[in-house]
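Step one of this worksheet: look at the structure below.
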């Protein structure tokens, strides 16, 4: 009871605390100087039509590298946390499970039909990240959802962890390597101008941005797949893996 | 004050309430997710300028006058990062919940206080 | 130079690719992992080197703003901020990173075994924790700060799963909740700061002064700060952190406590300039409250790791408050470096070291925490605990001194909380240490320290020591002041030598130091130097009578004796305090070597550390209220002669209360002096502050006690006299301090003597006797005239002689009979004749009857008292000295006379090493008794700053109320004795020797020996009459204080309910209440 009272007080106080933010802060009238600079110089400087993308991949590239890293850590962390050792007792341990039923014909065929389309869509999204809304993260999520579809629809689907982690590691490594190339060939770490900027508004433009975004897309896709795969693993499958 | 930021803060408060009152660990995590969503809304609302379009140079936006036609791209970039990080934290929280459930077969947060004082 | 961006690139590249190397072999991935960490350390180290040398080269100030001249900025994407994210690498960044990386490397070595056994993911996660720290420290962008904060947090959340231990999962979940709340607040704050400043670069936001832009700005800054603050575990919103510290694997905890905390602290440091003044002020109080409360609760902890967790939380609190203080008072340059950097440095390595050492024994309470088996392990533990408790020469010691000195006038409450908190911390750390040492001696269950722990821990210990010495030199301490420590270190390296050889080396060191320094001294200083070095040397020789089985014995002994010498050589307050603290802790460790000394040593440490803190605050206050030029070399000057000071305030000493008029600083000066006096009186064991004394003297090893009583106790007297000479005006500027001093002295004499009467334990008798004798000296010091001070110095010297003899006799008797209880002895006169003679001479000297030198002391004292009309004081003093007869008589009667116990028939004379110093003492005592002017005249000339009030006529001392000729008294007394002896021989020409043991017992022998001994409870009748006076009121008082303190700590920790949700509520309530406190 007393805790409830304190909780009410706390939430009320919190509301009062953020009230000045809500009341006194109006939306921007004009773009902030930095944003204006991005809008004015961005297209010519970096060659990407999507300004959000140039902010994400180059201007604030370090954030994005960090973001990819966060996802990477989360993947590793989930796997690390859920690794099994002998003392672990699962609630259902010792109880024989009935073998799950295979997916119906309709579900199986439908998922197989959708899967390549989803993959293609994902790749499309991250390849065009510098031109249209979307990018590596969005594309990666679509790829992961394609994998999720397989996992959900097909009981016997077996994730090839080696390939997944190979792709994940390589894409991450090349991302960092391209960053370092920026340091050597261009003005600084993660500078996209190591490649020619190309013709504005076309697929092969914006220097290294499409490459970086592709790597991010691959990395995010494989990382999320990995998380999903780890969380999906049933007892039996985990034992098989080991 | 904008409607979006108002809704954002309202969500934050709802999430806080959920996080502080629900006993089930999964619900606490959901509370967190709601807070996260609220924050993302608030962030987006900061970057929004009335009457402007997305910060992509295409047929709708003139490259030379982009600065007066587009909304702020920075909060969009930030919110993307924030979403990914929120996702990562949620994933870890859920994993922790799985582990805790394995240890004690309970999802009630009140059952996990053997460490204190 | 390697670009700092590689600090980000290397861990990432390694982490992304290491799993492939792992498939080729665990050895390969481990190599890669360590190579990555070493690269981080090397890069940050090279930047530290180059930035620091750059600064020294440019004679510039350390601690400028974010973009320093020394160092570099890295622009990612090749664009300048605010367009892109920039990283900075300056001296501060390099300092933080290098030491955090070094500590991380150490933790990785400690964790090596687990890393190899677990999956490669553990290495990846570890690298990511380190990556987070690099980014947090270097980034200049607010949102980027958030990203790295999350990298560090998420990696830590995952790494917690390294080892399965009770509760670690739920603790980790609580951690995530706290971290999640912090992230949410951080994000809201950041986005609004962007809205207000139009930029995410921290420098731009600072320039936009968001806090000045109305409530919204204040709120945004507040949310940001609150987020960082939560990560820094402020009291009371830190329950989650303590659970983590307690349950998670020690190596991982060391990373959380050290690397993560350091990085977040630096992040807070970066945003500090945008804080509004009330928030800065609030951070000061949050920090110091955390420090105080955590240490208070730490007193009640039984789990070692949770206790260390509280200590960790406390240290971070202290660092937060130091940050706030340096912002409030605009500290920069050396001040900031010494205070902040030293505390930081001391904290990370001592805390990391302690967590590493606990890795072997997870989940143990300190009561069952049997220590490391090897002496080296115990030494490491001692170093870390000393460094954490702020003992010299470790960095925190200097920091606390400078800190207290800088803020004592402005923030007295902060100083009080700092010192009280430090006292609690020292108590629980030393209690743990004492327990460890004790258990190691008694139980076989001690453990080996594996190399993977010993190596990094030893490196941390060496770093702490070296860093401390550097900090000390930076604080302008003479290198000579480190001599005691150096001597201890050298002897410590020689522990493999045979014990007696070590003793000889120690004696040689003391002799050399004495021969070098005594001739340089004059006046009062030379008297004390003679007592300290000479007495110390003789006591050192006495210890050679047996093989010392504790490896630390001679290093500590030598350090103790030399630190006493350093007290005299100190040229400034800090140096004096340094020597004082070295003396304190070396004597503590020395006492701890005693077999049953765990509790007494803790009591001693508690009072010593407490007394030292009182002393320190007094000295700091004195330094703050007096103009600095007074301190230029004044300690030395005062020891030679106080003339410069007395010239400034003529005639102060000896003229009583009329000096109120000339007192320069009124109340504060008086308060400062009072604190200083209390500090010294604690060491002296004045009545009320004495309860540590009997136990410590009794339970210290038998060859340590003589040093403690005869030599060490004089340190307090020296300090008292020195500071009276230094600040005579302050004596009267608040109240009549000398009056109080005199009464404290005489009451100490009275009660000490009285309590000695009722003791059965031979060492406790002399312990109380020591206390009583020092009471007389304090009384004499309080007289503030030449006769009084001559008395004080005179008593100091002859107390060394006779108490040295008494305690050495006691040592010999205990060694030979194997007991300390007097009623178990008797009739030892024939077996130990030389010891008997020594004891006899000593008690005649102590009791103050003619012809020996003790009489001179009494004569001088009563002269001085009656000359000033202090009749009541004289009466009490006289009464006490008659009581002294009782215990002295009993001692010699019970131990040496009467029936010899059967089991003692074969007892032999004391070993030569014990007799030799006694012979020296006897010779000196006889010489002084015969020719008092040998001693008194030099003393008087040493006290030339007082108006002379007693003169000499051919070896006869003449005062206003009488005269005394030592030689004449001696001759007369001796002739009387010889006449009586001759008469006795004449009347008893044929004495018949009777064999002692031809008695037939009539009945059974009673089981309890004390009931059959005439000496047992000898003064029972007196106890009936006077017993009420020895009710241990002081003991009860202090016990009560300890109890109350403990129960406050116990009550405070009840808020930590263990429920993660409640902790979340704590955090949010803490944040919101704080907000409304600062945003009024």
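Chains as they are written, first to last, in this note's numbering: chain F, 1 to 242; chain W, 243 to 359; chain H, 360 to 1439.
Note that beta-carbon positions come from the ideal geometry of N, C-alpha and C, so glycine has one too.
Per DSSP, the unbroken beta strand (DSSP E) holding residue 434 of chain H starts and ends at 431-434. Cα atoms of residue 326 of chain W and residue 551 of chain H: separation of roughly 20 Å, rounded to the nearest angstrom.
Listed by position along chain F, the residues whose Cβ is nearer than 7 Å to that of residue 316 of chain W are 34, 35, 55. Residue 1321 of chain H: member of the beta strand (DSSP E) spanning 1321-1324, first to last residue.
DSSP lists H/432 as the beta-bridge partner residues of residue 447 of chain H. Residue pairing by DSSP places residue 298 of chain W opposite F/50 in a beta bridge. Three or more Cβ pairs closer than 8 Å define a contact, and the stretch 1153-1165 of chain H falls short of that threshold against the stretch 1226-1240 of chain H.
No Cβ of chain W is located within less than 9 Å of the beta carbon of residue 176 of chain F.
With respect to chain W, the C-beta atom of residue 4 of chain F has a partner C-beta closer than 9 Å. Closer than 9 Å to the CB of residue 214 of chain F there is not a single CB belonging to chain H. Its chain contains 1194, 1197, 1198 as the residues whose beta carbon lies nearer than 6 Å to that of residue 1168 of chain H, once the 5 sequence neighbours on both sides are disregarded; these appear in chain order. The beta carbon of residue 506 of chain H is closer than 8 Å to those of 494 in its chain, skipping five residues each way along the sequence.
In this model, residue 853 of chain H and residue 614 of chain H are separated by some 35 Å (Cα to Cα). The count of Cβ pairs closer than 8 Å, one atom from the stretch 894-902 of chain H and one from the stretch 792-811 of chain H, stays below three, leaving the stretches out of contact.
At a Cβ-Cβ threshold of 9 Å, residue 30 of chain F and residue 291 of chain W count as neighbours. The three-state reading of DSSP puts residue 1316 of chain H in strand, counting E and B together.
Across the stretch 123-138 of chain F, no CB contact with chain H closer than 7 Å is found for any residue. Its chain contains 139, 142, 143 as the residues whose beta carbon lies nearer than 6 Å to that of residue 122 of chain F, once the 5 sequence neighbours on both sides are disregarded; these appear in chain order.
Straight-line spacing of the CA atoms in residue 38 of chain F and residue 442 of chain H works out to 8 Å.
As DSSP reads the structure, residue 1311 of chain H sits in a beta bridge with H/1316. Of the candidates H/905, H/1114, H/618, H/952, H/1114 places its Cα closest to the Cα of residue 1391 of chain H. Nearest to residue 125 of chain F by C-alpha distance, out of F/215, F/110, F/183, is F/215. In this structure, residue 840 of chain H sits away from residue 940 of chain H, with a CB-CB distance that is not shorter than 9 Å. Under the three-state reduction of DSSP output, residue 194 of chain F falls in the coil class, being neither helix nor strand. By the neighbour-count definition (other C-beta atoms within 10 Å, threshold 16), residue 1313 of chain H is an exposed residue. Inter-residue distance for residue 1381 of chain H and residue 918 of chain H is about 43 Å (C-alpha atoms, whole angstroms). Per DSSP, the unbroken alpha helix (DSSP H) holding residue 67 of chain F starts and ends at 61-82. If you ignore the 5 residues before and after residue 223 of chain F, its C-beta comes within less than 7 Å of the C-beta of 71, 72, 75, 168, all in its own chain and listed in chain order.
For residue 269 of chain W, the uninterrupted alpha helix (DSSP H) run begins and ends at 267-289, by DSSP. The residue among H/798, H/1285, H/526, H/795 with its C-alpha nearest the C-alpha of residue 346 of chain W is H/526. Identification of residues in the stretch 324-349 of chain W having a C-beta nearer than 7 Å to some C-beta of chain H yields 324, 327, 330, 331, 334, 335, 338, 341, 342, 345, given in sequence order.
Taking a C-beta distance under 9 Å as the contact criterion, residue 584 of chain H and residue 548 of chain H qualify as a contact pair. Restricting attention to H/1347, H/975, H/1048, the CA atom closest to the CA of residue 963 of chain H is found in H/1048. At a cut-off of 9 Å between beta-carbon atoms, residue 1424 of chain H makes contact with chain W. Residue 317 of chain W and residue 21 of chain F have their C-alpha atoms spaced approximately 16 Å apart.
At a cut-off of 9 Å between beta carbons, residue 74 of chain F contacts chain H.
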